[in-house]
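Novice: The sequence shown begins at 2 in my numbering and counts up one residue at a time. Cβ coordinates follow ideal geometry from the N, Cα and C atoms, glycine included. Remember, predicted model here, so these are calculated numbers, not experimental data. I have a structure I would like to understand better, so I am pasting it below and will then ask my questions one at a time.
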Amino acid sequence: MDNMGAHEHDDMWSPQTVAVKAGRPESQPDQPLNQPLVMASTYVAGGEMEYGRYGNSTWEAFESALGALEGGRALSFASGMAAVATVLDLVAPGETVVAARHCYQGTLVQLAVLEQRGLVKVVLVDIDNTEQVLAALNDDVALLWIESPTNPALEVADIAALSAGASAANVTVVVDNTFATPLVQRPLDLGASVVVHSATKYLAGHSDAVIGAVVTRNDQIWRAVDQKRRTLGAIPGTLEAWLALRGMRTLALRVERSRTNAEELVRRLTGHPDVERVRYPDLGGIIAIELADAEIADRVCRSTQLWVHATSLGGVESSLERRRRWTSEPTTIPEGLIRLSVGIEDVEDLWRDLEQALPGRD
Ligand code: PLP
Numbered sequence: 002m003d004n005m006g007a008h009e010h011d012d013m014w015s016p017q018t019v020a021v022k023a024g025r026p027e028s029q030p031d032q033p034l035n036q037p038l039v040m041a042s043t044y045v046a047g048g049e050m051e052y053g054r055y056g057n058s059t060w061e062a063f064e065s066a067l068g069a070l071e072g073g074r075a076l077s078f079a080s081g082m083a084a085v086a087t088v089l090d091l092v093a094p095g096e097t098v099v100a101a102r103h104c105y106q107g108t109l110v111q112l113a114v115l116e117q118r119g120l121v122k123v124v125l126v127d128i129d130n131t132e133q134v135l136a137a138l139n140d141d142v143a144l145l146w147i148e149s150p151t152n153p154a155l156e157v158a159d160i161a162a163l164s165a166g167a168s169a170a171n172v173t174v175v176v177d178n179t180f181a182t183p184l185v186q187r188p189l190d191l192g193a194s195v196v197v198h199s200a201t202k203y204l205a206g207h208s209d210a211v212i213g214a215v216v217t218r219n220d221q222i223w224r225a226v227d228q229k230r231r232t233l234g235a236i237p238g239t240l241e242a243w244l245a246l247r248g249m250r251t252l253a254l255r256v257e258r259s260r261t262n263a264e265e266l267v268r269r270l271t272g273h274p275d276v277e278r279v280r281y282p283d284l285g286g287i288i289a290i291e292l293a294d295a296e297i298a299d300r301v302c303r304s305t306q307l308w309v310h311a312t313s314l315g316g317v318e319s320s321l322e323r324r325r326r327w328t329s330e331p332t333t334i335p336e337g338l339i340r341l342s343v344g345i346e347d348v349e350d351l352w353r354d355l356e357q358a359l360p361g362r363d
């Protein structure tokens, strides 16, 4: 494996190039250009891999490309939630986790369950209020969980300022970088210790694989996470790792196109008589719009032909959903909020379909 995870090799290439070049077999006669699918539950003894739960060269190809993009070393997982659970499992009993109030509801559920079991204490904060977050970092805090932009409120954290404050307070900073992707923001460069991904979203990009990842440059954290993956066993499927790497080859094109489409849609949605508020931090292809109430928002979600009414995000196809249809969504998210995941279709088609679904002035 051409281990592009060793990031000193990647500094000479732009991220768009790294997404194409990293994680390939060594360039030698008759080697395939792409890492093949290696389906194996066990290996001949005497090497480093030994068993299918400990390692797989197809995972490693994906990990080395993602590690190169984020500027660290990656470990892949069965899902984003498996990655989140494994990182939260690093927190010692009795320690406190400070987390974004509006991070992904699955992460909030995991934190609530850990707290109910008496394993950790959880303090929720407004992640875009740097002063408030830093004030919460007392001596009991082990971990600061940032998501930026948050899902689906789209608040943006000042990762550099929070990481500097957390480092002074001896707090480990984790950033869920699912929405922005490493092409838009590299949290490890901004001082965070750990990045997590739902690679199910933009990284894989085609709504056909569930997979997660953890990235860090801290060798101690990397070893601890690797050990937990070996023992807890939340390993990715080989096919999923292969699909995610295949998807990442076009990450730059997809992110660029979704973003320019999103920017144009935001221009048209802003000031539209049915739309009470448009949230768009311009850090990718996710927009949130607020309509008058749940019923109107549900009707819009049922009235599109091109936009798919579906959960999840980050695929080539545009999708939308009213987030409060999930009972676990925080009640501070407005009932009429629709999250739009803007894909790579023609923006005029996207607008035509969305505009006809909006209820109209009367
Ligand atoms: N983090 C964020 C920001 C997400 O949006 C999601 C899923 O929607 C997850 C984590 C969980 O990832 P997965 O669905 O791959 O388990």
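Closest to ARG159 by CA distance: which of GLU291, GLU132 and GLN17 is it?
Specialist: According to the sequence shown, residue 159 is Asp rather than Arg. Answer by Cα proximity: GLU132.
Novice: Cβ of ASN178 versus every heavy atom of ligand 1: is any distance shorter than 6 Å?
Specialist: False, no ligand heavy atom lies under 6 Å from that Cβ.
Novice: Tell me whether VAL279 is buried or exposed, calling it buried when 16 or more other Cβ atoms sit within 10 Å of its Cβ.
Specialist: Burial call: buried.
Novice: Once you ignore the five residues that flank VAL142 on each side, which residues in its own chain have a CB closer than 8 Å to its CB?
Specialist: Excluding positions up to five away in sequence, the list reads GLU96, THR97, VAL98, VAL99, VAL124, ALA170 and VAL172.
Novice: Three or more C-beta pairs closer than 8 Å, one from the stretch 75-92 and one from the stretch 293-304: is that the case here?
Specialist: At 8 Å Cβ cutoff, the stretches do not touch.
Novice: Look at the alpha carbon of GLU1 and the alpha carbon of GLU322, and state the distance between them as a whole number of angstroms.
Specialist: Because residue 1 is not part of the residues shown, which for the chain are 2 to 363, the question remains open.
Novice: Sorted by chain position, which residues of the same chain lie with C-beta nearer than 8 Å to VAL175's C-beta, five sequence neighbours on each side aside?
Specialist: Within the same chain, VAL175 has close Cβ partners VAL88, LEU144, LEU145, TRP146, ILE147, ALA193, SER194, VAL195, VAL196 and VAL197.
Novice: At what residues does the beta strand (DSSP E) containing ILE222 begin and finish?
Specialist: ILE222 -> not in any beta strand (DSSP E); alpha helix (DSSP H) instead, spanning 220-233.
Novice: So, under 8 Å CB-CB, SER259 and GLY344 are touching, yes? Tell me the CB distance rounded to an integer number of Å.
Specialist: Sure, about 6 Å apart at Cβ, within 8 Å.
Novice: Suppose contacts are defined by Cβ-Cβ distances below 7 Å. Is GLN17 in contact with ALA253 by that definition?
Specialist: In this structure, ALA253 lies closer than 7 Å to GLN17 by Cβ.
Novice: Using the beta-carbon count (16 or more within 10 Å), is TRP327 buried or exposed?
Specialist: Its Cβ having fewer than 16 others within 10 Å, TRP327 is exposed.
Novice: When every heavy atom of ligand 1 is checked, does at least one fall within less than 6 Å of the C-beta of VAL157?
Specialist: No; taking the cut-off as 6 Å, the Cβ of VAL157 has no heavy atom of ligand 1 nearer than that.
Novice: Is MET82 near ligand 1, in the sense that its beta carbon is under 6 Å from a heavy atom of that ligand?
Specialist: Yes - ligand 1 has a heavy atom lying nearer than 6 Å to the Cβ of MET82.
Novice: Going by other Cβ atoms of all chains shown within 10 Å of its Cβ, with 16 needed for buried, is ASP129 buried or exposed?
Specialist: Counting Cβ neighbours within 10 Å, ASP129 comes out buried, since at least 16 surround it.
Novice: Excluding the 5 residues flanking GLY286 on each side, which residues of the same chain have their C-beta closer than 6 Å to its C-beta?
Specialist: Contacts found: SER259, ARG260, ALA263 and VAL343.
Novice: Helix, strand or coil for THR261, going by three-state DSSP, please let me know.
Specialist: Looking at THR261 - three-state DSSP - the assignment turns out to be helix.
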